[in-house]
Each structure stands twice: as structure tokens, then as C-alpha cells.
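Residue numbers (the numbering used here), protein chains in the order written: chain E, 3 to 470; chain W, 18 to 216.
The beta carbon of each residue, even a glycine, is placed where N, CA and C say it ideally should be.
What follows is a short report on a single structure.
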């Protein structure tokens, strides 16, 4: 019987299956960070349970870490305590940790792939919804809550009901200036923030196959913003080339055995998805969000929608009214006329080397507009080092942007990198929720290319708007 | 975990869709390392507005939240469930929940019951007209009862059983330790390990 990619990976991890009960699924890799793990470690301690597989567990510090003066103690005592708690928990339970200042520190979803720990056909979990990122390798990767973190620490398994499967096929070829970020923003705008609820999405089609691993991670990363637990892309030569030679990638005979297995990880001809969506990749243009959820997005060439005439359902009208009020926008305003105060380039969505390169190419020889601040926050310490080796930091600082240390930073403002009330950002991150980047802050989600062009003009722009 | 069979209490009509977990509890409250005491973070940004419905005299002491569709989208933070529970909510009713939020709720004994949007609309109307109305949520019968109206709700059978019995997942899983040992014996050797750290 033909199977989908997701069904194959699921089947290969079922420890136990019984009627009327969820499947017990084995977890190959458990990623930890400081925010969602302390209560889970306390739960283990209180129950006197050991950590079953420290050798399948790894921690990094990312959400609370400052991006300036990282050699000094963390100023916020509550943030500092949370980080110190992670360090103590890792020491007590024998978990490998990459702390601030370490060359492998960074956002958990950037660190796993760059170490080669994320591989096709694995199950990967983390107490973080953007764990879907790792699906770019053909892994089944999804975010979990703290109770589930404790469950995985104690048992290396999770009881789960199988997800439904959805195919999102992006046909054709992306035009110049159209990126993985625009693809996923268009997908979410089409199916809505609840459209993927209960599903694992498999992204396929010519436009997806042409994406780099970095681009694939961007697409899978935002699957959760469409409500899907996970996003996946079948592994191929691009995947294998990315993995080969990485610190934790298999080597020698193991490599051959692994690749032979990985090559079986694709949806069989004739396999049935529970839902299918097709996106015309040829027609895509740069996308930006105008509202307060990631489904409220439009092509950059559009105007702010009218809650009274552009929506049918009453709940959508209400949501749009509230969004425009919060965002301080008027219906009918061209999106290109929206002025921003801050540009944030970074996050687990768009904080990898390719993202920094793309933005640097746009901003090179240009200046960040007067009155606009631009933060460039590499996704990991390694990304920062690699960018510096290419001189990207000089491109950004020469333009007037700030070159920061690695972490989640302004994506969610748990560290000092926040928007002030009323301040407006163009952000390469993943959520435009009210107050996400700082209380009262207003977020427009954009690609790295749009972020860089917007920094130059001061209004939402694409590179094609810039004078040659 | 406490057993959940039936709950009767007054209800808060929250006429909003896409109530994401950043609204339920902003990130600044996530720095704590405890598992309780999150009630002050619940809807913190909205509660700063005196007109927000949870600030109304009429809705003090509510324990049933009636929300628009796509409740709990966004971050996986279980703190969102802890904040709702610490504030005093026992049940959330919505036409659609985000998966991770729903899973987290089940782990902590917060019942998330799926009703039809038309039933939600009627509930909103009823408790807006009379904030004193008592709403009964009966998990055994899978029913919400209020003022002569009966709405049936959806909840998956396994979660319902666990809530009714008050069972925690880790103890249930540890009963199958031999199955896990057996699975581990057969895992392919090429699967990566985090230890020792490779150069």
C-alpha cells in the first residue's frame, strides 16, 4: 500500500500501538532551551525519575540571551535565573549544553541542523512550536508543551494520535526577489491560521524542490502559523549535500546505510493525502502581513484591506477591525506607504547565513534610512562567525545597521531587544501577534529581501523599489 | 492530576478569534521557573484596558471561558494553560483549538471542549444578557447545559478517559518500559547521538 512521507516516518517510530489508545512514538532527538524546560526537570526530580537518554538530548540558551555585551552577567535577574537553572539542570542530569559565549550557542532550531543532528526520517521534538523547522530534512518534528518535555525526558517517547496529512504543492518557478518566506506567508494567507490544524503538511512541487536547505527550513518553520503541528519536505540530493561532513552526520559505512534509508523517505505514487492545496509559484510576489496574525498577509503591491467589504464571515470582519485598530492602519492605504521604525533581521525563520547574505546583497553600498534602526541578529554564534568571515558584518554596519550576538532576540522580546509601544517593525520573524515584539509594538512579517529594502527606504519595500 | 467529571460555574464571553498564546500570557511572564502563580500574566496586555471584559464587575469569579475559533494558536508555552488554571478557569469552549494548546490542556486537567460556532454564539448571547447564568460542563455526558439549552461537545475518547480518571501520562507510559527497551534495541546504528560532542 502506498504511503506518504509522514506516514512512513511515523510507522518507523511506533513503540506500541493499541486500539483506543494513542500510539507510543519513539523520539530520536530532544532539543531543550531555558524557557520551557525548568518545570519539566523539577517534575523529574520530584518523582525521582532519571533522564532516560541524555545522549539523545541537547540544550542551548536562546530566548533570554542578550545580543549585546554577552561577556557581562545578564542584567535582568529573572532571565539570569532561568539561564542558570538550565545550566544546573543540564549539569545534574548530564545533558550537553551550549551556553552563551560558546561557538555552538544559538537558536535551538539553527543549532540542531548546523551540527548535523537533524537528519531525514527522525522524530525531533522541543518545547517550542517552531520545532517544525527540522521537517525541512524529512524529519517529523514538532513542538511540545512542558508536560510533554518531562514525558520525553523520562521515557524518550510520547503518546500521540496520528496526524492527518496535507500536501501543499507549489508549482512552477519563483520569480527573482520571491523567497521561501513569501511562499509560506502566501500559504498561510490562503489556508488560514487554523487551516493546518490536525495536519502535518508536506511541501512539494517544483518550486519547493529548488529551495536550498535554508529556504526549506524557513517554509517548514512557519507551518505552525498555519496551525499545522509539523511541516516536511522529502529529502533529496540537496539534503544529503547539506548534511555530508557535518559534525554529527553519519560517516563511512553509516553514511551509506543512512542515505540508502533516506532515499526511501518520499511519498509513494498513489498515496492519498487527507487534504491537498496547490499554490501557483510562478504567480507569487513578495508577501507582507498587515494584521495581527500570520494569516493576515497580502502581496506587497496590495493595500490595507477593508474590514467591512473585504471579508465575508463576521468573525473575520471583527478580527480585521481589531487588527487595523491595533496596527494603527487605515483601510485602502497602499502597503508600500507604511512607514516603519525598526527592521529586525534574524530569528529561527530567517536568521541563517543565506538570509544574512541575501539582505547584505541588497543593502551593500546603501544606507539605512534616517530615523530607522536595523538590528541584524544571527541565528547562532556559528552563523555570526561565518558571516564575519565573509565580511557581511561590515556591509551591515557600514549601512548603519546594528550587528548583534545570536539569539531569539526581538522575535519575542524576552531579552532587552523590544519594540516600544506604538513602534512599527518590518521583521523577518514568524509572528505578528499583538505585543509579541514588545508591548504595543506593531509587526509586519517580511522576507530578508523586503527587510533590507525597507530599511533603506523607511517604508515597506522590495529590492525592485530601490534605484540601481 | 485531579479528576474532572463535571463543572458548574459562570462564564466569560470572549468575542475574539485567534486568541494566541502571546495574548493568553505574554513572553515576559515566561521567565519564571515555577509551575504555579501565573494568574497575573493571564491576558496581561488586554487586562491593562479597564474596558476589557475580564475587568468587568459582572464577570468576576468566572470559571468557564467561551472563546472564538482558533483559540490557543502560536507558541507551545504550557504557561498559557497554567495561567488560565491559576486564574480559576476549569473549561475553555471554542469551535476550534490549536493542537499544541489542546494537548497541553489535557496534560494539566483543563478541559477544552469543541462546540459548533453557532452554539458558541448563542452562549455568548446568553451570558452577555445574564452574567449570573451558571453553565454546567458535563464531561461524562459530553454536554454543556445552560438555562434549558443543551449543547453536545467533542473531546477525544482517550483524553476524556484520562481526565475522568485523573491519570498522568508518564506513569501510563512507564508501564510499557519493556516495549521501549525492545524498540531501542532495534534502532539503526547510524542515528545520531548528542554525546559525546563531535568536534
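Interface residues of chain E around residue 62 of chain W at Cβ under 9 Å?
-> Translated into positions along the second chain, residue 62 of chain W becomes position 45. 436, 437, 441 and 442, listed in chain order.
Identify the contact partners of residue 113 of chain W in chain E, using a Cβ-Cβ distance below 8 Å as the criterion.
-> Here the question's residue 113 of chain W lines up with position 96 in the second chain. Result: 196 and 199.
Cβ-based neighbour list, residue 263 of chain E, same chain, cut-off 7 Å, excluding 5 preceding and 5 following | In the first chain, counting from the first residue as 1, residue 263 of chain E sits at position 261. Closer than 7 Å at the Cβ level, and outside the excluded window around residue 263 of chain E, lie 123.
With distances taken from CA atoms, which of E/179, E/135, E/295 and E/159 is nearest residue 353 of chain E?
-> Within the first chain, the letter at position 351 stands for residue 353 of chain E. If we check each option's Cα against that of residue 353 of chain E, E/135 comes out closest.
Distance between residue 432 of chain E and residue 400 of chain E (C-alpha atoms, nearest Å) = Stepping through the first chain from its first residue, residue 400 of chain E is reached at position 398. Stepping through the first chain from its first residue, residue 432 of chain E is reached at position 430. Distance between the alpha carbons of residue 400 of chain E and residue 432 of chain E is about 27 Å.
Just how far apart, CA to CA, sit residue 293 of chain E and residue 206 of chain W?
-> Taking the first residue of the first chain as position 1, residue 293 of chain E is located at position 291. Taking the first residue of the second chain as position 1, residue 206 of chain W is located at position 189. Computed Cα separation, rounded: 48 Å.
Tell me whether residue 222 of chain E sits in a helix, a strand or coil according to DSSP, three-state version.
-> For the purposes of this step, residue 222 of chain E is identified with residue 220 of the first chain, where counting begins at 1. It is helical.
Verify the CB distance criterion: does residue 103 of chain W have a CB-CB separation below 9 Å to chain E?
-> By one-based count along the second chain, residue 103 of chain W stands at place 86. So, not an interface residue.
Enclosing alpha helix (DSSP H) for residue 115 of chain E [first to last residue] | Here the question's residue 115 of chain E lines up with position 113 in the first chain. Here the alpha helix (DSSP H) through residue 115 of chain E covers 110 to 116.
May I ask you to check if the CB of residue 57 of chain W is nearer than 8 Å to at least one heavy atom of the ligand FAD?
-> No copy of the ligand FAD occurs in the structure displayed, which carries no ligand at all.
Beta-bridge partners of residue 404 of chain E, as assigned by DSSP | Here residue 404 of chain E refers to the residue found at position 402 of the first chain. Residue 404 of chain E is bridged to E/377.
What does residue 174 of chain W reach in chain E if we use C-beta pairs closer than 9 Å?
-> Mapped onto the second chain, residue 174 of chain W falls at position 157. The answer, in chain order, is 22.
Compute the distance between the beta-carbons of residue 10 of chain W and residue 111 of chain W, then report whether it is under 9 Å.
-> Nothing about residue 10 of chain W can be reported from this structure: the residues present for chain W run from 18 to 216 only.
Using a C-beta cutoff of 9 Å, does residue 318 of chain E count as contacting chain W?
-> Working through the first chain from its first residue, we reach residue 318 of chain E at position 316. Yes, residue 318 of chain E counts as interfacial toward chain W.
So, residue 106 of chain E versus residue 382 of chain E, is the Cβ gap smaller than 9 Å?
-> Numbered from 1 along the first chain, position 104 holds the residue referred to as residue 106 of chain E. Numbered from 1 along the first chain, position 380 holds the residue referred to as residue 382 of chain E. Contact: yes.
Assuming residue 234 of chain E contacts residue 201 of chain E under a Cβ cut-off of 8 Å, what Cβ separation, rounded to an integer in Å, is found between them?
-> What you label residue 234 of chain E is simply residue 232 of the first chain in a count that begins at 1. What you label residue 201 of chain E is simply residue 199 of the first chain in a count that begins at 1. That pair is no contact at about 11 Å.
To which residues of the same chain is residue 324 of chain E closer than 8 Å at the C-beta, ignoring the five residues directly before and after it?
-> Mapped onto the first chain, residue 324 of chain E falls at position 322. Cβ within range, chain order: 294.
Residues of the segment 79 to 91 of chain W with Cβ closer than 7 Å to any Cβ of chain E, in chain order | 85, 86, 87, 90 and 91
Applying a beta-carbon distance threshold of less than 8 Å, which residues of chain W neighbour residue 146 of chain E?
-> As a position in the first chain, residue 146 of chain E is number 144, starting the count at 1. Chain W residues near residue 146 of chain E: 93, 117 and 120.
Can you list the residues of chain W that residue 37 of chain E reaches, using a CB-CB cut of under 8 Å?
-> Within the first chain, residue 37 of chain E is the residue found at index 35, counting from 1. Per Cβ cutoff of 8 Å: 47, 48 and 94.
Does any residue of chain W bring its CB to less than 9 Å from the CB of residue 224 of chain E?
-> The count along the first chain starts at 1 and reaches residue 224 of chain E at position 222. No, no contact with chain W.
Hey, could you find the ends of the alpha helix (DSSP H) residue 45 of chain E is sitting in?
-> Taking the first chain and counting its residues from 1, the one referred to as residue 45 of chain E is at position 43. That run of the alpha helix (DSSP H) goes 40 to 49.
Say whether chain E places a C-beta atom closer than 9 Å to the C-beta of residue 170 of chain W.
-> Looking up residue 170 of chain W in the second chain gives position 153. No, no contact with chain E.
For residue 29 of chain E, which beta-bridge partners are listed by DSSP?
-> As a working mapping, residue 29 of chain E is identified with position 27 in the first chain. Answer is none; residue 29 of chain E lacks a bridge partner.
Return no unless some Cβ of chain E is closer than 9 Å to the Cβ of residue 206 of chain W.
-> As a working mapping, residue 206 of chain W is identified with position 189 in the second chain. Closer than 9 Å: yes.
What residues in the segment 407 to 422 of chain E bring their beta carbon closer than 8 Å to a beta carbon of chain W?
-> 414, 415 and 416
Contact the segment 308 to 328 of chain E vs the segment 409 to 425 of chain E: 3+ CB pairs below 8 Å | no
Distance CB(residue 342 of chain E)-CB(residue 446 of chain E) smaller than 9 Å = Translated into positions along the first chain, residue 342 of chain E becomes position 340. Translated into positions along the first chain, residue 446 of chain E becomes position 444. Going by C-beta atoms, residue 342 of chain E is nearer than 9 Å to residue 446 of chain E.
To which residues does DSSP link residue 137 of chain E through a beta bridge?
-> As a position in the first chain, residue 137 of chain E is number 135, starting the count at 1. Per DSSP, none; premise fails for residue 137 of chain E.
Given that a residue counts as buried once 16 or more other Cβ atoms are within 10 Å of its Cβ, and exposed if not, what is residue 349 of chain E?
-> Counted from its first residue, the first chain places residue 349 of chain E at position 347. So residue 349 of chain E ends up on the buried side.
What span of residues does the alpha helix (DSSP H) with residue 349 of chain E cover, start to end?
-> Position 347 of the first chain, counted from the start, is the residue given in the question as residue 349 of chain E. Where residue 349 of chain E is concerned, the enclosing alpha helix (DSSP H) stretches over 349 to 352.
Give the range of the beta strand (DSSP E) segment to which residue 111 of chain W is assigned.
-> Reading the second chain from its first residue, position 94 is the one you call residue 111 of chain W. Where residue 111 of chain W is concerned, the enclosing beta strand (DSSP E) stretches over 108 to 111.
Anyone know if the C-beta pair for residue 204 of chain E and residue 291 of chain E falls short of 9 Å?
-> The residue given as residue 204 of chain E occupies position 202 in the first chain. The residue given as residue 291 of chain E occupies position 289 in the first chain. No. Outside cutoff.
Take the Cβ of residue 1 of chain E as the centre, count every other Cβ of all protein chains shown within 10 Å, and call the residue buried at 16 or more, exposed below.
-> No information on residue 1 of chain E is available, as it lies outside the stretch 3 to 470 that chain E covers here.
Continuous beta strand (DSSP E) stretch holding residue 85 of chain E: start and end = If you number the first chain from 1, residue 85 of chain E lands on position 83. Premise fails: residue 85 of chain E lies in the alpha helix (DSSP H), 79 to 95, not in any beta strand (DSSP E).
Can you pull the chain W residues whose beta carbon is under 7 Å from the beta carbon of residue 159 of chain E, in chain order?
-> As a first step, residue 159 of chain E must be located in the first chain, where it is residue number 157. Ordered by position in chain W, the residues that pass the 7 Å Cβ test against residue 159 of chain E are 190 and 197.
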